[in-house]
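Asker: Okay, handing you the structure first.
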Amino acid sequence: MRQLLATILFTLSLFFATAIMAQPGIAYQGLVLRSDSIVATSAPINLRLSILQGAPDGNTVYVEFHQTTTNEQGFFNVELGSGSRMGATHLADITWQDGPYFLKSEIDPDGNYDYRILSIAELLSVPYALHTHSAAYVAGTADCLQTIQIEQLFAFIDARQHIDSLMALLSTASIGCLPGLFSVAPQRTVQFSKGNLQYRASTATWRFAPRQYDIEASNNSRIASNNDGWIDLFGWGTSGWHGAARAYLPYAHSINSADYADANLTDSLRRADWGINNLIDSSGNCRGLWRTLSASEMSYLLEQRQASTIGTTDDARYCYASVNNVRGLILFPDRYTHPTQTPLPTAINQPTEPYTSNHYSAEQWDAMEQCGAVFLPAAGSRSGSNYTPSSISRYWTSTVNGTGRAFTLTLGEPSGMLAPCETYKGLAVRLVHE
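For the sequence shown, my numbering begins at 916 and goes up steadily by one.
In structure tokens:
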């Protein structure tokens, strides 16, 4: 049950909540949905609620913990002020006139005190001055610091009657996903991030590349703890989570595979997955919103899923191409209509074709991207601090292949597109969202 609950809560993709002020505490209600939009019913959850002063990342002035269970409709109800407090501060000790104040909600999915941020929302009312005409909801699939006003007090409406309209609002929020939907298993679809994952060591900042064809190339040769530039090639499982292996930091450049994680980036090592562990700037700023595809999912994406017909090719899944003079692989979503006045791709679903099979300008690619296409640039590879702009470029999956090796999506490899690679190599990472 604990393991199942961890899956349900850790992979949730929608969350909304309200904070309604009243003396002596703050009533807090929320609905928890799984990533497949199924309500998480009768699920035990551990919550940590914190009040921050001045800003969403401001000083923490109050913390308390709750153990509760969602009801048959997936709702939980707690009262801020009645939980187990951290420290001697009481809710009544807060000087509310010195606001603004923000409520940070965190959940512990598996009971090991590893709390993940669900939302940070401004408290629009205070205990001594109830404003009954506003509340806030926060979308876990959107920027966690974004709030949207609802001109009704949530506590006085039947949420079940309004869930469809609320979910429609939540589904329109963007966290940096590209529009195309891609099947990676039967009944499972994902959206890709808007660019390859990148990291700047001097500020410990993660982001997605501004454009899909952007790569950092030789900048990866300057990999170091104080590097002020961006890198986009990473050793296996180097998410920054210290529990995976000796080489766990994004700028790790040991050439000994024994220093890196030695199991799938799931279950006990799930935080070694770059997308699960990290806050990614301007792309949700929440842990757990993104992840790396497994080898089986990558295989399904490339070889088994049903897709649209392009030209005379049924189930058109991918093709090699150059976009804005950058070589790489184009992935076509499950449902795709090629833009007019843009040349039709050729050599579709051909793993041994050269990158020169198709050429698209930046303007042509913009039109294809708006139709849902994804581009994986050939970003090269790194060994230690040595960058190689090879015609064979690899992307990590989350699946190991024996000791010291893991499966990769391999571009430009005549023997096949899914192949193992030594875990010490620095390779590209492209994340997906359920």
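Quick reminder that beta carbons are idealized off the backbone N, C-alpha and C, glycines included.
#1: Straight-line CA distance for Ser1300 to Ala1294?
#2: Only counting the same chain, and skipping five residues up and downstream in sequence, which positions put a Cβ closer than 7 Å to that of Ser1169?
#3: Which residues in the same chain as Thr1323 place their Cβ atom closer than 8 Å to its Cβ, once the five residues preceding and following it in sequence are excluded?
#4: Within 10 angstroms of its Cβ, does Thr1153 collect 16 or more other Cβ (buried), or is it exposed?
#5: From the DSSP output, in three-state form, read off Arg1232 for me.
#6: Would you mind giving the Cβ-Cβ distance between Phe1097 and Asp1249, rounded to the nearest angstrom? I have them listed as a contact below 8 Å.
#7: May I ask you to list the residues that DSSP assigns as paired with Phe1107?
#8: Helix, strand or coil, according to DSSP, for Leu1093 in the structure here?
#9: The beta strand (DSSP E) with Ser1214 in it runs from where to where?
#10: Cα-Cα, which of Tyr1215, Thr985 and Ala1007 is closest to Ile966?
#11: What does Trp1205 pair with, by DSSP beta-bridge criteria?
#12: Where Asp1013 and Phe991 are concerned, what is the direct C-alpha to C-alpha distance, given to the nearest angstrom?
#13: Consult DSSP for Arg1185 and reduce its assignment to one of helix, strand or coil.
#14: Just the Cα atoms here: how many angstroms apart are Tyr1016 and Val978?
#15: Can you grab the Cα-Cα spacing for the pair Val1344 / Thr1010, in whole Å?
#16: Using CA atoms only, rank isn't needed, just tell me which of Thr975, Leu1112 and Gln988 is closest to Arg1000.
#17: Could you have a look at Gly945 and say whether DSSP puts it in helix, strand or coil?
#18: Mapping the DSSP letters down to three states, classify Ile1170 as helix, strand or coil.
#19: Can you give me the Cβ contacts of Gly1110 inside the same chain, cut-off strictly under 7 Å, excluding the 5 residues immediately before and after it?
#20: According to DSSP, is Gln1127 helix, strand or coil?
#21: Quick one: Cα of Pro1292 to Cα of Gln988, how far?
Answerer: A quick look at the data gives this:
#1: Near 15 Å, if we compare the C-alpha coordinates of Ala1294 and Ser1300.
#2: Same-chain partners within the cutoff: Ala1162 and Tyr1339.
#3: Annotation for Thr1323: Arg1309, Tyr1310, Trp1311, Thr1312, Leu1333, Ala1334, Pro1335, Cys1336 and Leu1342 place their beta carbon closer than 8 Å to its own, counting only its chain and skipping 5 residues before and after.
#4: Thr1153 sits buried, since 16 or more C-beta atoms from the chains shown fall within 10 Å of its C-beta.
#5: When DSSP states are grouped into helix, strand and coil, Arg1232 belongs to the coil group.
#6: Indeed they touch by this definition, with Cβ atoms about 6 Å apart.
#7: Answer is Val1347.
#8: Coil, per DSSP.
#9: For Ser1214, there is no enclosing beta strand (DSSP E); the enclosing alpha helix (DSSP H) covers residues Ala1210 to Glu1218.
#10: It is Ala1007.
#11: Answer is none; Trp1205 lacks a bridge partner.
#12: Asp1013 and Phe991 have their C-alpha atoms spaced approximately 30 Å apart.
#13: Helix at Arg1185.
#14: Here the alpha carbons of Val978 and Tyr1016 stand approximately 13 Å from one another.
#15: Cα to Cα, the separation comes out at about 46 Å.
#16: Out of Thr975, Leu1112 and Gln988, Thr975 has the C-alpha closest to the C-alpha of Arg1000.
#17: Secondary structure at Gly945: strand, using DSSP grouped into helix, strand and coil.
#18: DSSP places Ile1170 in coil when its eight states are reduced to three.
#19: For Gly1110, where only same-chain residues beyond five positions count, the Cβ hits under 7 Å are Phe1123, Ala1124, Pro1125, Arg1126, Gln1127 and Asp1129.
#20: Gln1127: coil per DSSP, three-state reduction.
#21: When rounded, the distance between both Cα atoms is 44 Å.
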